[in-house]
Structures are given as C-alpha cells and as structure tokens.
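*Asks:*
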Amino acid sequence: YMKHPLQNRWGLWFYKNDKSKMWQDNLRLITKFDTVEDFWALYNNIQPPSKLSSGCDYSMFKDGIEPMWEDRSNKCGGRWLITLAKQHRRTELDHFWLETLLCLIGEGFGSFSRDICGSVINIRAKGDKIAIWTSNAENCETVTYIGKKYKESLGLPQKLVIGYQAHADTATKSNSITKNKFVV
Amino acid sequence: GKRQYDRDFLLGFQFMPACV
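Residue numbers (my numbering), protein chains in the order written: chain A, 10 to 193; chain B, 160 to 179.
Structure, rendered in structure tokens:
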C-alpha cells in the first residue's frame with residue numbers, strides 16, 4: 010500500500026497570541042506533509058479551530074512560504090476573505106476550514122492552483138476569519154476564478170458576496186476597513 | 160501530470176490507517 014502523494018508539500022503553522030513575545034516568536038511551524046495519509050494523520054490529531062482560544066491562528070502554506078505578508082511569495086498577493094459571525098463558530102467554522110484545506114491539498118483550482126500560497130484561519134472574539142492567500146493580486150483572471158471556485162466549494166449562496174484584498178492595501182490601511190480589489 | 164484530488168476522494172482517506 011503506497012501513500013498518495015500530493016502535488017505540493019505543505020506546512021501547518023500555529024500562532025498563539027502571547028504579548029510577552031515578539032510576533033514572529035509566537036508563530037510556529039508544527040509540521041510538514043506531502044501525502045493524503047499524512048495530511049489526515051495530522052488533521053485528526055490537532056484541535057479543531059472552534060476549540061482554539063481567541064487570538065490563535067492556524068495557517069497552511071506551501072513548503073517554503075511563511076504565513077506572513079513579508080514573504081517573497083506573498084508580497085504582491087492578497088487574500089479571499091471569509092468572515093464569520095460569532096454564532097457560526099459552532100456550526101460552520103470547522104467545516105469551512107476543512108473544505109478550504111481540501112481545496113488546497115487537492116489542487117482544487119486546477120492550473121490556477123499555481124497561484125495559491127496558503128490559507129489562514131484567525132480565531133477572534135469579534136469574529137473568526139478564514140482566508141485563501143494567492144501570490145499575485147494583479148492576476149485578475151486567476152484571482153477571480155479562485156474566488157468563484159472557493160465560494161462554490163464552501164457552498165456559500167450566490168448572493169453572498171466575498172471580497173479579495175491585496176496585502177499591500179491591508180498593510181497600509183489607516184482604519185480597520187480594507188477595500189476589496191475584487192468581489193465574487 | 161498534476162496530482163489533483165477531489166474532496167470526496169480525499170475524505171475517503173480520513174479514517175484509514177496510514178500503513179507506510
């Protein structure tokens with residue numbers, strides 16, 4: 010019996026908000042994997058996002074990409090962002106996160122998967138967030154395709170609009186609202 | 160070729176023991 014190799018090797022990261030440490034010291038690579046079987050071995054052994062405490066993140070990125078704007082692969086990119094109201098933590102959060110991971114490891118965006126960098130889930134008291142990060146916010150066709158396919162994969166209703174934000178805009182925003190570069 | 164797996168295929172392995 011052979012394990013099923015993935016197209017990419019992925020790293021799973023965990024962030025825990027500890028104000029006594031520097032931001033980057035709070036971010037830890039848990040492990041890397043590159044087969045379907047190893048993905049599940051990992052997934053089945055970690056806390057689901059809904060059980061994490063507020064201020065924590067999981068990130069899953071292609072090997073060699075760190076889950077931060079500054080990484081060379083992310084610098085010119087952006088994210089499709091899903092925000093969840095508090096009451097959806099119990100019902101939707103873990104489900105959305107798993108669907109997101111399956112889209113990534115299964116290369117669910119076809120040839121456009123090349124632009125995928127990774128995904129981040131933020132557990133926050135004011136509302137949880139899940140995002141798919143891509144490498145180039147100017148690749149209109151690619152970004153739009155990924156957004157449409159992602160929305161479909163999560164089973165979101167057509168009329169619900171999700172937005173794509175360039176990291177450059179998020180990083181330089183002066184208030185808490187970042188403008189959407191694309192919407193689907 | 161590209162190793163693409165759809166969700167149902169991936170979900171089929173969730174509770175399988177990894178032997179290798």
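Think of the CB as a built atom: it goes at the ideal place given N, C-alpha and C, for glycine as much as any other residue.
Buried or exposed: Gly-136 of chain A, going by 16 or more other Cβ atoms within 10 Å of its Cβ?
*Replies:* Taking the first sequence and counting its residues from 1, the one referred to as residue 136 of chain A is at position 127. Looking at its Cβ environment, which holds fewer than 16 other Cβ atoms inside 10 Å, Gly-136 of chain A is exposed.
*Asks:* Looking at the C-beta of Gln-16 of chain A, does it have a partner C-beta in chain B at a distance below 8 Å?
*Replies:* Stepping through the first sequence from its first residue, residue 16 of chain A is reached at position 7. It does; some Cβ of chain B falls within 8 Å.
*Asks:* Along the region 101-119 of chain A, what residues have a CB closer than 8 Å to any CB found in chain B?
*Replies:* Residues Glu-108, Leu-111, Cys-112, Ile-114, Gly-115, Glu-116, Gly-117 and Gly-119.
*Asks:* At what residues does the beta strand (DSSP E) containing Lys-71 of chain A begin and finish?
*Replies:* For the purposes of this step, residue 71 of chain A is taken as the residue at position 62 of the first sequence. First-last of the beta strand (DSSP E) with Lys-71 of chain A: 66-71.
*Asks:* When Cβ atoms are compared, which residues of the region 22-56 of chain A fall closer than 9 Å to chain B?
*Replies:* Here the close residues are Thr-44, Val-45, Glu-46, Asp-47, Phe-48, Trp-49, Ala-50, Tyr-52 and Asn-53.
*Asks:* Please state if the CB of Ser-128 of chain A and the CB of Leu-107 of chain A are separated by a distance shorter than 8 Å.
*Replies:* Here the question's residue 107 of chain A lines up with position 98 in the first sequence. Here the question's residue 128 of chain A lines up with position 119 in the first sequence. No, the pair does not count as a contact, with Cβ atoms beyond the cut-off.
*Asks:* Suppose you measure from the CA of Met-31 of chain A to the CA of Asn-83 of chain A; what does that come to, to the nearest Å?
*Replies:* In the first sequence, residue 31 of chain A corresponds to position 22, counting from 1. In the first sequence, residue 83 of chain A corresponds to position 74, counting from 1. When rounded, the distance between both Cα atoms is 21 Å.
*Asks:* If you run the structure through DSSP and keep just helix, strand and coil, what is Gln-174 of chain A?
*Replies:* By one-based count along the first sequence, residue 174 of chain A stands at place 165. If DSSP states are grouped into helix, strand and coil, Gln-174 of chain A belongs with the strands.
*Asks:* Going along the chain, which residues of its own chain have a beta-carbon closer than 7 Å to the beta-carbon of Val-179 of chain B, five neighbours each way excluded?
*Replies:* Along the second sequence, read from residue 1 onward, the residue named residue 179 of chain B stands at position 20. Note on Val-179 of chain B: pLDDT 47, under 50, position unreliable in the model; the coordinate value appears next. Cβ neighbours of Val-179 of chain B beyond the five flanking positions: none.
*Asks:* What are the boundary residues of the beta strand (DSSP E) that includes Ala-50 of chain A?
*Replies:* Here residue 50 of chain A corresponds to residue number 41 of the first sequence, with the count starting at 1. From DSSP, Ala-50 of chain A is part of no beta strand (DSSP E) but of the alpha helix (DSSP H) over 45-52.
*Asks:* Can you have a look at Asp-33 of chain A and say buried or exposed, based on whether 16 or more other CB atoms are within 10 angstroms of its CB?
*Replies:* One-based indexing of the first sequence puts residue 33 of chain A at position 24. Position check: residue 33 of chain A holds Gln in this sequence, whereas Asp was assumed. With fewer than 16 Cβ atoms within 10 Å of its Cβ, Gln-33 of chain A is classed as exposed.
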